[in-house]
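**Student:**
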Amino acid sequence: MERRILLDLFPEELGAWLADQGQPAYRAQQLFAWLHRGTPFAQMHTLPQALRQTLAESCVDLPMSLRQAFPSQKDDTVKFLYALDDQNLVEGVLMRYHYGHSLCVSTQVGCKMGCAFCASTLEGCVRSLSAGEMVAQVVLANRYLGQRGRVGHVVLMGSGEPMDNYDACVRFLRLINHPQGLNLSLRNVSLSTCGLTDGIRRLAQEGLPVTLSVSLHAPNDALRQRIMPVAKAYPMASLMEAVRDYVRRTGRRVVFEYALIDGLNCELSHARELAALLRSLQCHVNLIPLNHVSERDLRPAPPQKIRAFLEELQRLRISATVRREMGADIGGACGQLRRSHLPTQS
Ligand code: SAH
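No gaps in the numbering here: position 324 of the sequence shown is 311 in the working numbering, and each next residue is one more.
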């Protein structure tokens, strides 16, 4: 029989399972709190010994382990390689900002979106992660931090497309927000999508105060289609319509990610086109110097072009910043670390 991943469940759902075992209702709260602290069944000392035994036989307390941590030599960034119980690997990045620790969480093993600059998608999508497998990434990062603190911010920007694993991602958001668990404020959470408009429209109705990040990378359909195959299915007009709807319904500012790729999307004319596209939209543009991925023949724009692009956007009154490069020495770009550990790569 397959063992149940308990981190997938809310206290009410744990309660239903525990009631079948003849346990009182309050045990569900206790179990939920232990699980989200990362405590193994054997050490959940407020639970009766016999129950801990039954749990260990039929359920999973933590569905993955930290295979290796790679601390950057240049800054406080740490890259994690996690091993799932089925031996699949995913990665995460822990970053330290002035406001605290922020964790980049993966939502799928690989990705099927096919963006031209991204290492995560090179082998396609192996499988989606469950909500509990995403929670486990936060639990393991907290365990790694120990006395140094706790993860206070989460970005769903690791490998995978959150909107292609919608239900598990929304469940994950509600689980980490639960007061009896990690109690993480969803105002400190960003969800990044390559632009699946159906998902954006659905998310707008969930009543979750997360920040929506949209990976745009181009100011028009023709260019976007060259680097993001998903743009063929979801043209810019419908994407922007869905984003405007998101801002209207949630009242929250949207963030656009724009990786500057040499010779492709970083001319001043592109900045002007982008500014026109985003005019009157409550938004911020995050310019990202492309992380070079050796399998991809795309290079980052030179620093002076990045600066000129930024200044042009600002001149046109678009709120924009250049994302600090962190962990560049530890394979910071999406999917690079896992690829270097795949058996076929060695
Ligand atoms: N699938 C989601 C989330 C994962 S990718 C999305 O597309 O948004 C997280 C961010 O990293 C996206 O903005 C993506 O476009 C960007 N990214 C991926 N590979 C990159 C690279 N080599 N250099 C810079 N940014 C990259």
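Think of the CB as a built atom: it goes at the ideal place given N, C-alpha and C, for glycine as much as any other residue.
Within the chosen definition, does the stretch 64 to 74 reach the stretch 45 to 56 through at least 3 CB pairs nearer than 8 Å?
**Tutor:** yes
**Student:** Does the beta carbon of Met100 fall short of 7 Å from some heavy atom of the ligand SAH?
**Tutor:** Start at 1 with the first residue of the sequence shown, and residue 100 comes out as number 113. Yes; taking the cut-off as 7 Å, the Cβ of Met100 has a heavy atom of the ligand SAH nearer than that.
**Student:** Counting Cβ pairs closer than 8 Å, one from the stretch -5 to 5 and one from the stretch 156 to 169, do we hit at least three?
**Tutor:** A contact exists between the stretch -5 to 5 and the stretch 156 to 169.
**Student:** Which whole runs of the alpha helix (DSSP H) in the stretch 118 to 143 are 4 residues long or more, in chain order?
**Tutor:** 118 to 132
**Student:** If we ignore side chains and look at the alpha-carbon of each, how far apart do Val122 and Ile163 end up?
**Tutor:** Looking up residue 122 in the sequence shown gives position 135. Looking up residue 163 in the sequence shown gives position 176. Using only the alpha carbons, I get a separation of about 7 Å.
**Student:** For Glu254 and Val217, I'd like the C-alpha separation in whole angstroms.
**Tutor:** Along the sequence shown, read from residue 1 onward, the residue named residue 254 stands at position 267. Along the sequence shown, read from residue 1 onward, the residue named residue 217 stands at position 230. Going from the Cα of Glu254 to the Cα of Val217 covers about 23 Å.
**Student:** Less than 8 Å between the beta carbons of Phe28 and Asp7, yes or no?
**Tutor:** Translated into positions along the sequence shown, residue 28 becomes position 41. Translated into positions along the sequence shown, residue 7 becomes position 20. Taking 8 Å as the Cβ cut-off, Phe28 and Asp7 do not qualify as a contacting pair.
**Student:** Ala307 and His257 - do their beta-carbons sit closer together than 8 Å?
**Tutor:** Your numbering for residue 257 matches position 270 in the sequence shown. Your numbering for residue 307 matches position 320 in the sequence shown. No, Cβ-Cβ distance for His257 and Ala307 is not below 8 Å.
**Student:** Give the DSSP bridge partners of Met82, in chain order.
**Tutor:** For this step, residue 82 is matched to residue 95 along the sequence shown. BP columns for Met82 point to Ser89.
**Student:** Could you check if Thr180 belongs to the surroundings of the ligand SAH, using beta carbon to heavy atom distance under 7 Å?
**Tutor:** Position 193 of the sequence shown, counted from the first residue, corresponds to residue 180. Yes - the ligand SAH has a heavy atom lying nearer than 7 Å to the Cβ of Thr180.
**Student:** Taking the alpha-carbon positions, what's the Cys181 to Ala205 distance?
**Tutor:** As a working note, residue 181 is residue 194 in the sequence shown. As a working note, residue 205 is residue 218 in the sequence shown. Approximately 12 Å between the Cα atoms of the pair.
**Student:** Where do the N-terminal and C-terminal ends of the beta strand (DSSP E) with Pro276 fall, by residue?
**Tutor:** Looking up residue 276 in the sequence shown gives position 289. From DSSP, the beta strand (DSSP E) with Pro276 extends over Cys270 to Pro276.
**Student:** How should Gly119 be labelled, buried or exposed, when 16 other C-beta atoms within 10 angstroms of its C-beta is the threshold for buried?
**Tutor:** As a working note, residue 119 is residue 132 in the sequence shown. So Gly119 ends up on the buried side.
**Student:** Is the separation between the beta-carbon of Ala229 and that of Thr184 shorter than 8 Å?
**Tutor:** Position 242 of the sequence shown holds residue 229. Position 197 of the sequence shown holds residue 184. It is a contact, given that the beta carbons lie within the stated cut-off.
**Student:** Run through DSSP, which three-state label would Glu0 get?
**Tutor:** Taking the sequence shown and counting its residues from 1, one reaches residue 0 at position 13. Helix.
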